[in-house]
Structures are given as structure tokens and as C-alpha cells.
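Heads up: the structure comes next, in C-alpha cells.
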Amino acid sequence: TSAYSSPAKSLGDPGITPLSPSHIVKDSDADDAVEQLFLVVVAIDFGTTSSGYAYSFTKEPECIHVMRRWEGGDPGVSNQKTPTTILLTPERKFHSFGYAARDFYHDLDPTESKHWLYFEKFKMKLHTTGNLTMETDLTAANGKKVKALEIFAYALQFFKEQALKELSDQGGSDFENTEVRWVITVPAIWKQPAKQFMRQAAYKAGMASPDNPEQLIIALEPEAASIYCRKLRLHQMIDLSSRAPVNGYSPSDTIGTGFTQGKEHVRRNRQSRTFMVENVIGEIWSELEEGDRYIVVDSGGGTVDMTVHQIRLPEGHLKELYKATGGPYGSLGVDYEFEKLLCKIFGEDFIEQFKIKRPAAWVDLMIAFESRKRAAAPDRTNPLNITLPFSFIDYYKKFRGHSVEHALRKSNVDFVKWSSQGMLRMSPDAMNALFKPTIDQIVQHLSEVFDKPEVTNVKFLFLVGGFAESPLLQQAVQNAFGSRCRVIIPQDVGLTILKGAVLFGLDPAVIKVRRSPLTYGVGVLNRFVEGKHPPEKLLIKDGTRWCTDVFDKFISADQSVALGETVTRSYTPAKPSQLVIVINIYSSEQDNVSFITEPGVKKCGTLRLDLTGTDASVPNRREIKTLMQFGDTEIKAMAVDVATSKSVKVGIDFLNY
């Protein structure tokens, strides 16, 4: 056999062959699942750099409560959300999350801290791992490895417990998990395995279960943002096209603090903030007509996601026009540039050692940088000071035998000076230079999206996500695209996704059409046609000549799929006497796939249908119907033996094959 031996031949799989020309059936009764009644919707925005939750009672959907303020915030950082950091004890048990984890870790003695497992910014691992499985590891600050699934489950369990506790405190009686519908947001550009991974972690955290998957919705971040933007009133946003780039407030104010509180309808409730979402379409939205397009740019800590949506009236449903694109251009890129700058000044060997030997001090340094990063603005003239932790100065002297000051003098990095108070003093230009590579990538990527034929006549560009708070990013986007469309930034822009995710949980039907990210199909046998089929695919069974490994397509990558839409195909056993049928489901990122052996085709599901015990009156051409239903982020497949109504179901699985 050749190196590309056929899976079907080698396994001796009982084959199937198409019975009918391919056809698509729109299922009107796709909603046969009984709608469960939940008392409350809780959305979790699990971010790369920071996370948070918000909730709304189904009885009063116009009120969105954003979680209580967290203890232990940082100066210069508004903390409606908490850092996505997690600490495990030396015995690998969950200890704490967020500021609590960071501060506890920081206060440990260095001899002790090296045994504790501290994780930060770990969500990016799901984006960057090519072959993600349930076994993928994450590396803690001390270099030890833990299963990613455990860390994600611990984090989600923490949020689950926090939210249930807050709900119980508010209602005065214990809140049960069964009364909550959970929504977890993920970047739209994540591949399917990462989205499934998040669902598995939530099951492990006890939010929902495979028997009750409807209790958990995996929402796409830009879609959530889009839903919220539809509700915006004029006083809840900044229209960059209609004002000076300074946005009318002094650079010392960070965005999202100074002018938001006064204008949002905020009801204070214990420590949680309640936002009133009027049950109307916002003014901006009322300017949009049927078929109008707008683009949502969700720029967070790790990734930037871009989605183009189109309005469908009368209900104002959203239709995704162009499949989500983007990449790892989040604000982490700025931290990375800062790290490169430090390496340039102090030497890469020192920085690497310092991170390993003094992990807590490194965290401190990055916190100090974070608050200065938020003070960067296009027209800033005074320098930004970053405090160097004492142990940095101390360790550097031990490591190099000369002072930090000396290193700065001889490094000839122009814009960074040493100030006598033990600080790195950066000129605004130096700070802006750290932003440049990341912002350039975002603008470049957006330009490519704008040049796509599906993306003509975009009316609005909504800039959302934590990184959208940066005046530098705002100005760059306005300068590049302000002439093509109106650039709009919701107030409290860092919470846009959270609020939209709650609205999505209250009414999941609002998103109507998505683009399939992959091509799906099943492996079948076709009658062998000389000259059309490659000779190495010839399989002779009982005198019949079959072409094996044919990819029979259900849906193509980038095809529009209505939510809940079912695609049906009919097959028949290749050999009438078969007593079991195995249908293998495959996916590929390519559009035109002919054979399941092509590179990039992955198996993602198996349906086994047992045909034994059926009576003799079965017709000789037995019909096996195969259905695939395209749901929110889940895809279900089913095979039915038409003669006996026997059926088998499976969820598409990207992690275990």
C-alpha cells in the first residue's frame, strides 16, 4: 500500500454511498427543544488580561448588573473587571483568582513562591496551540506544567461561585445553579477546537452538562458587542468623527472614567453597578436601513476580532457578512514591545533570568507599566515614569556588577532616561513607539477587510474591547477610516462585550445568520468512473468497482448558515447485507475538498448505526438519512434508518480525534 493508504480500505469500514442528489432541507421545526426557563442570565467575559461577569434577571431584562467591585485594584486602572490570573498551591489545588491571586503570590517569600503555581494571560494558549486537545498543558510562572483544562475549569468555577454568591446575597436566599443560564464569550477567530474546549471546561466546572448543553451558550465576542451597540443611545457613545481627536477631555483622564458615570443611567446597588438598557433601538441604529453594513472591531488584551454585520429588518436581526478575521494584535503586543525595550537596555539574558528568579517582582514591573500604558495619548507632552521594583535594581547590580543607571547611559536608547527617584522616564514618543507595531497591524488588517468586495459601503465602525480605551488606537483608526465610515466608541467600552453577552443570553435568537468557519462532509464510496477518479482510490467489493474516500460535502467554509438550519443527505449501504453502518464526519478549512485523504482534512465525528434486528420487509435499497444541524457554536449530527426509524446522534468533536 502507498504511504497514503486509504482509511476506508485499511479499516475495512462498512461503506455508504449517496442515494440521492444532494439537497438542503430547511427545518421549520428546528426548535423542538423545550425552552427551559431560567431566572437569571449570567455572562462571563473571560479575557486574556482581565475578566468579569454581569447578569440580568429574566423578569427585568432591561437591567444589567455588572459584578461587585473587586478588592485590591491597581492605581490608574478602572476595575470593574479583575486580572485573569490564577494561583494554585504547591499541591496544585485552587487557591485564588484575580487581584487576590496576584497579591498573595507577590507577598510570598521568594523561597516559597517558587513552589506555588501562578498563571497569567493563559487564554492566548488556546488561540496559539495548533493541535489543542484535552491534554494540552499550560506553564506556570515557575516553569511547572498543569493541564490547561484544569486551569480553565478552576477559573470558571471561581466565577460560578462568585456569581451564585452575589445572586444569593441579593435575593436573600440560596441561588441554585439550575436557575442560571450561563454565557461565556470567546473570540470569533478562535478555531472550533478552542470553542469546544471552553465548553468542556465549563462542564468540568459544573455550569452545565452534556445532558443539558442548552444551559450554557458560547457567544462570540464581536457578536455580543454588536448586540449591545444596537441599543446605544447617543449620550452613551463618542462619535470620533464629530469631535477633536482629544475627545474633549484632558489626557490625564483615562477613557471610560471621567465622563461615563454621569451619563449612563446607573442604579447603584450594593457594590454592583446596574445599567439600564432601554428596550428600544438606539438613535444611531435607527439611521441604519435594511441591508446596511457595519463593522465591529473588538480589540482586547490578546486578540483583535473583526466582524462585518448587515441589518435585516424588520426585527433588526444580524447577518454576518464576512467571516470573522483578526489575529493576536491585542494590547499584549504593547507589553511585548516594552519587554523588548527592557532587553535592549538591560540585556536579554538578564531579563530572562530576572523573570524566573524574581517572578513576583516582574509582575510588579508589568503592573507599573500597565498604568502608564493607559496614560499614553497622542498629544501628551510630559514624560511617563515607570517605577522599577527595588529587587530589579538590586538583582541587576548582582548580575552585571554595575548599576541600572549605568546600563541606561550606555544603552543609547534615546527616549528612556533614569530619574533620580528610581524610575524609568520615558518620553511620550518612546511610549507611542511601543504601541506602533500593534496598532499598525490592526489598521493594516482592517484595510484588508475594507478592501473585500463583501465589505463595501460600511456605515459605521464600532470600536469595542479593553484596548479600544486607548486614545492612540482611537486616533489611528479614525485617521485611517474616518473618511469611509463613522467611527463610534461606546462608553464604558471595556464592558461592552459583557453587557452584550447578557442581552444575547436573554434572547439568543437575535443572531440569525453566520458564516461557517469550516467545510463539513462525510466519507463515502462512489461508483468508480474511469478517467475521472484516481486509480489508487479503486476498491472492488463483490464485483462492484468503487471509488473510496470521497468527501461528500454538507456545507462549505464561508457559506451562510442560518442558526438551527439542518442539512440532510441520504445514503445507502454499499453492500445490502451490512448490519452496521459507520458514517465518519470530516472537516477542512479548504472550500473544494474531493477526498478525505487530502491534507488538512480532519475527522471530527462518527455515527454508528446498528441495523440488526430489523424484519425482512426492509426494501433492498435501504435509506439512511444523515442530518447536520448548525447551532450556535455547536454542531450536531444524526443518522436515521428510514425503514425502522432507528437513529443515532453525535456532537461534532474537535478535541478527541
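Add 116 to the 1-based position in the sequence shown for our numbering, that's all there is to it.
Think of the CB as a built atom: it goes at the ideal place given N, C-alpha and C, for glycine as much as any other residue.
By the three-class DSSP mapping on this structure, what secondary structure does C720 have? strand
Close Cβ partners of E453 (< 7 Å) along its chain, the five nearest in sequence each way excluded: L550 and P553
DSSP three-state assignment for M422, whether helix, strand or coil: strand
DSSP-derived helix/strand/coil call for P715: coil
Can you confirm whether the region 715-725 touches the region 677-692 when touching is taken to mean that 3 or more C-beta pairs between the two stretches lie within less than 8 Å? no
If you compare alpha carbons, which of G616, D161 and G407 is closest to K239? D161
Is it buried or exposed for L153, if we count other Cβ within 10 angstroms and need 16 for buried? By the 10 Å Cβ count, L153 comes out exposed.
Thinking I333 and P624 are a contact (beta carbons under 8 Å), I'd like their distance in whole angstroms, please. 6 Å
Can you tell me which residues form a DSSP beta bridge with N700? For N700, which the question treats as bridged, DSSP gives the partners T722.
N708 bridges to which residues according to DSSP? According to DSSP, N708 bridges with nothing at all.
Using CA atoms only, rank isn't needed, just tell me which of G407, S536, H561 and V640 is closest to I712. Checking every option, the nearest Cα to that of I712 belongs to V640.
Compare the C-alpha of L500 against each of H522, G517, F531 and F274 and name the closest. Of the candidates H522, G517, F531 and F274, the one whose C-alpha sits nearest the C-alpha of L500 is F531.
Taking the beta strand (DSSP E) that F210 falls in, what are its first and last residues? F210 to F213
Looking only at its own chain, which residues have a Cβ that is under 8 Å from the Cβ of G168, when we skip the five neighbours before and after it? By the criterion of a C-beta distance shorter than 8 Å, G168 is surrounded in its chain by I160, D161, V182, M183, Q196, K197, T198, L611 and L614, once the five residues flanking it on both sides are discounted.
Please report the distance separating the alpha-carbon of W478 from that of L619. 39 Å
Just verifying my parser: in three-state terms, what is the DSSP assignment at Q745? strand
Of the listed residues L233, P715, A279 and S527, nearest to K263 (C-alpha basis): L233
On the DSSP bridge list, what partners appear for P134? Y687
On a CA-only basis, which of R516, Q537, D707 and A546 is nearest V529? Give me that one, please. The candidate whose alpha carbon is nearest that of V529 is A546.
8 Å Cβ cutoff met for K281 and M323: no
Of the residues T165, V299, D223 and D225, which one's Cα is nearest the Cα of T200? Checked all of T165, V299, D223 and D225; the closest Cα to T200 is T165.
Following the continuous alpha helix (DSSP H) through L619, name the residue where it begins and the one where it ends. T612 to L622
Pairwise C-alpha distance: R602 and G418: 25 Å
State the Cα-Cα distance for the pair I697 and L135, rounded to the nearest angstrom. 14 Å
Within this structure, are the beta carbons of L106 and I555 separated by less than 8 Å? The requested residue 106 is not part of the displayed model; the chain covers only 117 to 773.
Could you name the residues that DSSP lists as bridge partners for G639? F667
Label K657 either buried or exposed according to how many other C-beta atoms from any shown protein chain fall within 10 Å of its C-beta, with 16 as the threshold for buried. It is exposed - the Cβ of K657 has fewer than 16 other Cβ atoms within 10 Å.
In the DSSP assignment, the beta strand (DSSP E) including V677 goes from what residue to what residue? S676 to A678
How about V412 and V677: are their beta carbons less than 8 Å apart? Remark: C-beta atoms of V412 and V677 do not approach each other more closely than 8 Å.
Would you list the one or two residues that DSSP bridges to A159? A170 and V299
On the DSSP bridge list, what partners appear for D290? Beta-bridge pairing links D290 to no other residue.
DSSP three-state assignment for E181, whether helix, strand or coil: In the sequence on display, residue 181 carries His and not Glu. In this structure, H181 counts as strand in the three-state DSSP scheme.
On a CA-only basis, which of A491, G659 and G621 is nearest E585? Give me that one, please. A491
Whole-angstrom distance between F508 and H522, CA atom to CA atom: 14 Å
Taking only runs that begin and end inside the region 466-504, name each unbroken beta strand (DSSP E) of 3 or more residues, in chain order. 500-503
Quick check on DSSP: helix, strand or coil for R409? strand
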